[in-house]
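In our numbering, the protein residues as written are 396 to 513.
C-beta atoms are modelled at their ideal positions from N, C-alpha and C, and glycine is treated no differently.
Written as structure tokens, this is what we have:
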């Protein structure tokens, strides 16, 4: 009782603003990599173009039961559903408790975004 996490109205507004912030940051990253919502001619991406952008830059989440191989080199990462659920749970825990959150990236240093100021 008395904590912000138990105030339904506050949490509802907080989550709405948090989602809006994530959307703005996501769009900023897309724009930085040359895939902004607004094209150079001033027009907006179509729904199909936005969906294609999500496929190219989003993670591939495979079902729990059967491991599916992607049709081609699409997506920036592949996670099992269990790994994605765990990542979401740990991120939410860190956000709600204001705790630290660490993650490890494997592969070439470019995979870690070195030089991208992240």
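As assigned by DSSP and simplified to three states, the class of residue i
| i | result |
| --- | --- |
| residue 499 | coil |
| residue 441 | coil |
| residue 471 | coil |
| residue 433 | strand |
| residue 493 | coil |
| residue 397 | coil |
Where the beta strand (DSSP E) containing residue i begins and where it ends
| i | result |
| --- | --- |
| residue 457 | 454-457 |
Residue range of the alpha helix (DSSP H) that includes residue i
| i | result |
| --- | --- |
| residue 418 | 403-427 |
Close Cβ partners of residue i (< 8 angstroms) along its chain, the five nearest in sequence each way excluded
| i | result |
| --- | --- |
| residue 417 | none |
Spatial neighbours of residue i in its chain, beta-carbon cut-off 7 angstroms, leaving aside the 5 residues before and after
| i | result |
| --- | --- |
| residue 458 | 476 |
| residue 405 | 399 |
Close beta carbons around residue i, own chain, < 6 angstroms, minus the five adjacent residues each side
| i | result |
| --- | --- |
| residue 448 | 430 |
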